[in-house]
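Protein chains in written order, with this note's numbering: chain C, 1 to 274; chain W, 1 to 274. In this text, a Cβ means the ideal position worked out from N, Cα and C, and glycines have one as well.
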């Protein structure tokens, strides 16, 4: 009996988390839902985001039989994790706590930088999760990075320059606050595609934490602690994955394969209502 | 008796149209609605966009007493103009037909370039409106330009480089198709803020058409044809404007003033439902 892991995002960036999960749990079956008709979540209220995220989680559990759930969306993790945990009877993991935990393990100075979307930064969820672990975190919104990834400019001089500008502003602000950061958290599921450019731009010796990888590590620990049905020895020939989207299936198939680094297969359209 | 002109956009880019209108109709009163809770319209279906746009138009006419309506949103103009005209009993003008008409007046070769968002390009509304006037149009989606404007990088070397790349791709494609374009239409209400950089990047002698300006010109002609109550001699000391948004009033106030080139005043939150 193969277990099904449900993975949810407002878009398709969460496929970077699914890819990291699949590498660790090769015998699991995955169901991914991108709530693309209602993205971006970032500009919406907490109540609306919780309603959308709960509907999405219930679809994965009730309709797709997911026995575990990963919220591969920073905004939903920041604003709706409790509501989702209350609404479905399966273990649920977000991306923010694992990212903060990985930063704690990596940092020696205790000072951490976080780059993310404007919505995630405004929630200060990473700062709170870092503070709970005795870390000081400085967060910066980098609103151009998602559009640059979606334009496909993941290895482009313009993107390298934008990253250089954002990181220079962030490290200058950290220095002005007397911080000595040694760790940078990628707090958005789009950013792993920019990791080579980001690694090239950070100061010498700074550790880069990918919250997608951190979430996948944490998910394996959490899910194995429950029943251990998903860890396997040998990778199956194919990824057992069904992808669902609430709108624009073509765009999902086109862009999703970049995040997954393999074709998504046929994406199925679902209607979650208003 | 001062007439009220309702101006509608999914966001606040349409304030560039309102600014152009106010310069021509200094004695009019304006009500602007940004349906920010439901943006972007671009990824949504025609039926959903029409429903949202009709609700927004009805709010401006029924609640705010608008006697004229300008749809300062390319996506809604492309996909919902008929539905809006059917739903409200006042003259309604979109931005696409005036932009195409201005291109016809400007072009001598009959070959026109259009830059716009992905959604507007995919609708091919500009190409159809140009074809109806005997013009050949080549459209290109420039998805990074709106985020660059919203980041405030309207006079930034990175933005200049992105514009140079997009225009080089577009003119190369036009040449490959045997076109001889002499006119470029800015088919997005965000792009007027980039006009200086765009003017600097186009080939020598190419005319740049701002669809916001073109729509304002057409609105004055249309509305004066109906009753001529809004054209005045002297500009009032202040712009008579009430702004409404369906979400994120703070962001609207912060960014809107860049498009309007003056403070928006206090933005009022409205709930249009679903």
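Check: Any contact of the segment 46 to 55 of chain C with the segment 72 to 82 of chain C, i.e. 3+ C-beta pairs under 8 angstroms?
Finding: yes
Margin query: Tell me the DSSP secondary structure of residue 259(W) in three-state form.
Written below: Position 259 of the second chain holds residue 259(W). Note: residue 259(W) maps to helix in three-state DSSP.
Note to self: For the segment 252 to 270 of chain C, list every residue whose C-beta sits within 9 angstroms of some C-beta in chain W, in sequence order.
What the structure shows: none
Margin query: On the criterion of 16 or more Cβ atoms from any shown chain inside 10 Å, does residue 269(W) qualify as buried, or is it exposed?
Written below: Stepping through the second chain from its first residue, residue 269(W) is reached at position 269. Classification of residue 269(W): exposed, given that the 10 Å Cβ count is below 16.
Notebook entry, point to check: Of the residues 108(C), 131(C) and 186(C), which one's Cα is nearest the Cα of residue 142(C)?
Noted result: Along the first chain, one-based indexing puts residue 142(C) at 142. Answer by Cα proximity: 186(C).
Next item on the list: Alpha carbon to alpha carbon, how far is residue 272(C) from residue 271(W)? Give it in angstroms, no decimals.
Entry: On the second chain, residue 271(W) is found 271 positions in, with the first residue counted as 1. On the first chain, residue 272(C) is found 272 positions in, with the first residue counted as 1. So the two alpha carbons sit approximately 21 angstroms from each other.
Margin query: Against chain W, does residue 249(C) count as a neighbour if the rule is that its beta carbon must be under 9 angstroms from one of theirs?
Written below: Translated into the one-based positions of the first chain, residue 249(C) becomes position 249. False, the Cβ-Cβ gap to chain W never drops below 9 angstroms.
Next item on the list: Determine the direct distance from the alpha carbon of residue 113(C) to that of residue 178(C), and round the result to whole angstroms.
Entry: Along the first chain, read from residue 1 onward, the residue named residue 178(C) stands at position 178. Along the first chain, read from residue 1 onward, the residue named residue 113(C) stands at position 113. Cα to Cα, residue 178(C) sits roughly 13 angstroms from residue 113(C).
Margin query: Determine whether the beta carbon atoms of residue 148(C) and residue 144(W) lie at a separation below 9 angstroms.
Written below: Along the first chain, one-based indexing puts residue 148(C) at 148. Along the second chain, one-based indexing puts residue 144(W) at 144. Going by C-beta atoms, residue 148(C) is nearer than 9 angstroms to residue 144(W).
Next item on the list: Output yes if chain W places a C-beta closer than 9 angstroms to the C-beta of residue 140(C); else output no.
Entry: Residue mapping note: residue 140(C) aligns to position 140 of the first chain, counting from 1. Closer than 9 angstroms: no.
Notebook entry, point to check: Where does residue 130(W) sit, in a helix, a strand or coil, going by DSSP?
Noted result: Looking up residue 130(W) in the second chain gives position 130. The answer is helix: DSSP assigns residue 130(W) an H, G or I state.
Check: Between which two residues does the alpha helix (DSSP H) harbouring residue 198(C) extend?
Finding: Here residue 198(C) refers to the residue found at position 198 of the first chain. Counting along the chain, the alpha helix (DSSP H) containing residue 198(C) begins and ends at 195 to 201.
Checklist line | 8 angstroms Cβ shell around residue 85(C) - same chain, five flanking residues per side excluded | finding: Translated into positions along the first chain, residue 85(C) becomes position 85. These residues qualify, in order along the chain: 92.
Next item on the list: Have a look at 261(W), 259(W) and 241(W) and flag the residue whose alpha-carbon is nearest the alpha-carbon of residue 267(W).
Entry: Sequence index remark: in the second chain, residue 267(W) carries index 267 (1-based). The shortest Cα separation from residue 267(W) among 261(W), 259(W) and 241(W) belongs to 241(W).
Next item on the list: Report the neighbours of residue 148(C) on chain W: residues whose CB is nearer than 9 angstroms to its CB, in chain order.
Entry: As a working mapping, residue 148(C) is identified with position 148 in the first chain. Going along chain W in sequence order, the residues near residue 148(C) (Cβ under 9 angstroms) are 144 and 147.
Next item on the list: Compare the C-beta of residue 200(C) against all C-beta atoms of chain W and say whether one is closer than 9 angstroms.
Entry: Residue numbering aside, residue 200(C) sits at position 200 when the first chain is read from its first letter. With 9 angstroms as the cut-off, residue 200(C) does not count as an interface residue toward chain W.
Next item on the list: If I'm right that residue 173(W) touches residue 138(W) with Cβ under 8 angstroms, what's the distance once you round it to whole angstroms?
Entry: The residue given as residue 173(W) occupies position 173 in the second chain. The residue given as residue 138(W) occupies position 138 in the second chain. Contact holds; Cβ gap of about 6 angstroms.
Next item on the list: Could you name the residues of chain W that residue 162(C) contacts, counting a contact when the two beta carbons are closer than 7 angstroms?
Entry: Counting from 1 along the first chain, the entry for residue 162(C) is found at position 162. Result: 158.
Check: Does the distance from the C-beta atom of residue 90(W) to that of residue 54(W) stay below 9 angstroms?
Finding: As a first step, residue 90(W) is located in the second chain; it is residue number 90 there, counting from the start. As a first step, residue 54(W) is located in the second chain; it is residue number 54 there, counting from the start. In this structure, residue 54(W) does not lie closer than 9 angstroms to residue 90(W) by Cβ.
Checklist line | Own chain partners of residue 192(W) with C-beta closer than 7 angstroms, once the 5 adjacent residues on each side are dropped | finding: Reading the second chain from its first residue, position 192 is the one you call residue 192(W). Answer for residue 192(W): 16, 186, 210 and 212, listed in chain order.
Next item on the list: Measuring only between beta-carbons, confirm whether residue 173(W) sits less than 9 angstroms from chain C.
Entry: For the purposes of this step, residue 173(W) is taken as residue 173 along the second chain, with counting starting at 1. No, no contact with chain C.
Next item on the list: Give the single residue among 102(W), 161(W), 218(W) and 156(W) whose Cα lies nearest to the Cα of residue 156(C).
Entry: The count along the first chain starts at 1 and reaches residue 156(C) at position 156. Comparing Cα-Cα distances from residue 156(C) to each of 102(W), 161(W), 218(W) and 156(W), the minimum goes to 161(W).
Next item on the list: Report back the beta-carbon spacing between residue 262(C) and residue 239(C) to the nearest angstrom; my notes put them in contact at under 8 angstroms.
Entry: In the first chain, the residue the question calls residue 262(C) occupies position 262. In the first chain, the residue the question calls residue 239(C) occupies position 239. The pair is a contact, with the Cβ atoms about 7 angstroms apart (cut-off 8 angstroms).
Notebook entry, point to check: Apart from the five residues on each side of it in sequence, which residues of its chain come closer than 6 angstroms, Cβ to Cβ, to residue 245(W)?
Noted result: Position 245 of the second chain holds residue 245(W). For residue 245(W), where only same-chain residues beyond five positions count, the Cβ hits under 6 angstroms are 34, 36, 252 and 267.
Note to self: Please list, in chain order, the residues of the segment 34 to 47 of chain W that have any C-beta partner in chain C closer than 7 angstroms.
What the structure shows: 36, 37, 43 and 44
Item checked: Contiguous alpha helix (DSSP H) assignments of at least 4 residues, all confined to the segment 26 to 61 of chain C -> 46 to 58
Checklist line | residue 169(W): contacting residues in chain C (beta-carbon distance under 9 angstroms) | finding: Taking the second chain and counting its residues from 1, the one referred to as residue 169(W) is at position 169. The premise fails here: residue 169(W) is roughly 12 angstroms from chain C at the closest Cβ pair, so nothing lies under 9 angstroms.
Next item on the list: Put residue 86(C) into one of helix, strand or coil per three-state DSSP.
Entry: Here residue 86(C) refers to the residue found at position 86 when the first chain is read from its first residue. Three-state DSSP puts residue 86(C) in a helix.
Margin query: I want to see whether chain W comes within less than 9 angstroms of residue 2(C), judged by CB atoms only; does it?
Written below: For this step, residue 2(C) is matched to residue 2 along the first chain. No, residue 2(C) does not count as interfacial toward chain W.
Checklist line | Status (buried if at least 16 other CB within 10 Å, exposed otherwise) for residue 96(C) | finding: For this step, residue 96(C) is matched to residue 96 along the first chain. By the neighbour-count rule (16 or more Cβ atoms within 10 Å), residue 96(C) is buried.
Next item on the list: Identify the continuous alpha helix (DSSP H) that holds residue 159(W) and give its terminal residues.
Entry: For the purposes of this step, residue 159(W) is taken as residue 159 along the second chain, with counting starting at 1. Counting along the chain, the alpha helix (DSSP H) containing residue 159(W) begins and ends at 157 to 176.
Checklist line | Extent of the continuous beta strand (DSSP E) run through residue 6(C) | finding: To locate residue 6(C), count along the first chain from 1; it is residue 6. Taken as a continuous stretch (DSSP letters only), the beta strand (DSSP E) holding residue 6(C) covers 4 to 9.
Notebook entry, point to check: Quick one: Cα of residue 259(C) to Cα of residue 30(C), how far?
Noted result: Translated into positions along the first chain, residue 259(C) becomes position 259. Translated into positions along the first chain, residue 30(C) becomes position 30. Those two C-alpha atoms are separated by around 15 angstroms.
Notebook entry, point to check: Relative to the alpha-carbon of residue 250(W), which residue among 12(W), 115(W) and 5(W) has its alpha-carbon at the smallest distance?
Noted result: Taking the second chain and counting its residues from 1, one reaches residue 250(W) at position 250. Considering only alpha carbons, the answer is 12(W).
Notebook entry, point to check: CB-CB under 6 angstroms to residue 127(W), same chain, minus the five flanking residues each way: which ones, in chain order?
Noted result: Mapped onto the second chain, residue 127(W) falls at position 127. Within the same chain, residue 127(W) has close Cβ partners 137 and 139.
Next item on the list: Name, please, each residue of chain W whose Cβ falls closer than 7 angstroms to the Cβ of residue 151(C).
Entry: Locating residue 151(C) in the first chain gives position 151, counting from the first residue. Here the neighbours are 143 and 144.
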